[in-house]
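Inspection log for the structure reproduced underneath, given as structure tokens.
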Amino acid sequence: MVTMGHCYYNETIGFFYNNSGKELSSHWRPKDVVVVALGLTVSVLVLLTNLLVIAAIASNRRFHQPIYYLLGNLAAADLFAGVAYLFLMFHTGPRTARLSLEGWFLRQGLLDTSLTASVATLLAIAVERHRSVMAVQLHSRLPRGRVVMLIVGVWVAALGLGLLPAHSWHCLCALDRCSRMAPLLSRSYLAVWALSSLLVFLLMVAVYTRIFFYVRRRVQRMAEHVSCHPRYRETTLSLVKTVVIILGAFVVCWTPGQVVLLLDGLGCKSCNVLAVEKYFLLLAEANSLVNAAVYSCRDAEMRRTFRRLLCCACLRRSTRESAHYTSSAQGGASTRIMLPENGHPLMDSTL
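Each residue of the sequence shown is one higher than the last, beginning at 1 in full-length UniProt numbering.
So this is what it looks like as structure tokens:
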């Protein structure tokens, strides 16, 4: 018999899973193997792609701008999410039952902190883009100190939300409030997390919608002075495409997980959230991979930096061979071959 008002700090993980009605497997089932295999694959890809983004921003001075500091922070948050999910994959399935309460909260806290930091940075990037567009600048002139404070604020909020369950926002002293998906957490925590993510999405929609209509009006006014301006339609379509990709990626990756979190947080007994929770969490984690493509790979200068980093040895060898060939063809004249690094304007298509 469970006594209400009593705290169960000395109980096992199995006790709380039995209380919530969530199955705790004692052996590897086929679906566990599939989830772990997919999870490990996604985690490795997330780690590699975001390490590449961080290396590109660190190695190219053209990226030492506020927007790229935020992109670097997004890559760092997604890198952390990859590490957190990798930790989950090594402590799931039958291994869950062997976790201590502290180990379980660590596993959950790593995920919550990293995913919160990623979502909060997405909103910060949208706000920075809005500031830049309204000021008619390619990049915001926001002081570096304020950018650092913004990044620190993102991580303080993420750490706060990630650490709260282990210290207070759990159900160890109120078993009737336990979640089914996360049997040691209070349902209210899941509901607040889902609603906060939904609020971030709505704010992003508002910001990018304002950016879109502002840019469209500006392009229309410019096009009036040049009849049949060939760039007008291209600019508008490119802007629409970028906004759709940014918001579409967020919706596809986050909405399923937010829905099941909210249903569980509201205590929906008839909703079979346990059947899909692992797959929807994997989809949310995949957003850390999508972010690298949406916010970095659409930037032409970033793509060139990626190519230089990935093919550095090949480029150096090719340059030496070309220089030797040109020197020989001109009878020993000294010829310098310059890579077209400085000839390309810095292009920004991340909005």
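Idealized CB from N, CA, C, for every residue including glycine.
Can you tell me whether residue i is buried or exposed, with buried defined as 16 or more other CB within 10 angstroms of its CB?
i	result
A158	buried
G21	exposed
P30	exposed
W28	exposed
I337	Summary for I337: the model assigns pLDDT 28, below 50, so the residue's position carries little reliability; its value from the coordinates is reported in the next sentence. Classification of I337: exposed, given that the 10 Å Cβ count is below 16.
N272	exposed
Y325	The pLDDT assigned to Y325 is 36, lower than 50, so where the model puts this residue is not dependable; a value taken from the coordinates is nonetheless given after this. Under this definition Y325 is an exposed residue.
V133	buried
P66	buried
L262	buried
R187	buried
F63	buried
G93	buried
residue 370	Nothing can be reported for residue 370, as the shown portion of the chain is limited to 1 through 351.
P143	exposed
D176	exposed
A126	buried
M222	exposed
residue 359	Outside the displayed span of the chain (1 to 351) sits residue 359, for which this structure offers no information.
Suppose the cutoff is 7 Å on Cβ atoms and the five residues either side in sequence are ignored; what does the same chain contact list for residue i look like?
i	result
N60	T305
A166	F105 and G109
Q258	A194, S197 and L198
L203	L123
S328	Here the model assigns S328 a pLDDT of 35, short of 50, so the residue's position is not dependable, and the following value carries that caveat. Cβ within range, chain order: n/a, list empty.
I211	R129, H130, V133 and L351
M302	A56 and S296
Y68	I57
L45	L289
Please report the residue range of the alpha helix (DSSP H) in which residue i lies.
i	result
Y85	P66 to M89
E102	L101 to M134
D299	That residue, D299, is in no alpha helix (DSSP H); it is neither H nor E in DSSP.
P30	P30 to S59
L281	E277 to A292
Helix, strand or coil for residue i? Go by DSSP, reduced to three states.
i	result
H170	strand
C253	helix
L247	helix
L24	coil
S270	coil
S186	strand
C7	coil
C312	helix
N19	helix
T12	coil
A323	Only weak support is given to the placement of A323: the predicted model assigns it a pLDDT of 46, under 50, and the question is left unresolved by the model.
A329	Reliability of the predicted coordinates at A329 is poor, the pLDDT of 36 falling under 50, and the value obtained from them is presented with this limitation in mind. DSSP places A329 in helix when its eight states are reduced to three.
Apart from the five residues on each side of it in sequence, which residues of its chain come closer than 6 Å, Cβ to Cβ, to residue i?
i	result
H6	none
D264	S179, R180, M181, L190 and V273
Y8	L172
S26	P94
M89	V36, G39 and L40
E150	It should be noted that the sequence gives Leu, not Glu, for residue 150. Closer than 6 Å at Cβ, skipping near neighbours: A124.
Report back the beta-carbon spacing between residue i and residue j to the nearest angstrom; my notes put them in contact at under 8 Å.
i	j	result
Y208	V243	5 Å
V260	F280	6 Å
Y85	L111	7 Å
L310	V35	At roughly 31 Å, the Cβ-Cβ gap does not stay under 8 Å, so L310 and V35 are not in contact.
V53	L71	7 Å
T121	N50	No, T121 and N50 are not in contact; Cβ-Cβ is about 12 Å, not under 8 Å.
G82	T113	G82 to T113, Cβ: 13 Å. No contact.
M117	W155	Looking at the sequence provided, one finds Ala at residue 117 rather than Met. Contact holds; Cβ gap of about 6 Å.
H91	L99	6 Å
A206	W254	Incorrect: roughly 17 Å between the Cβ atoms, too far for contact.
P256	F16	About 25 Å; that fails the 8 Å criterion.
By Cβ distance below 8 Å, which residues in the same chain neighbour residue i in space, the five residues on each side in sequence not counted?
i	result
A249	N287, V290, N291 and V294
Y214	V133 and M134
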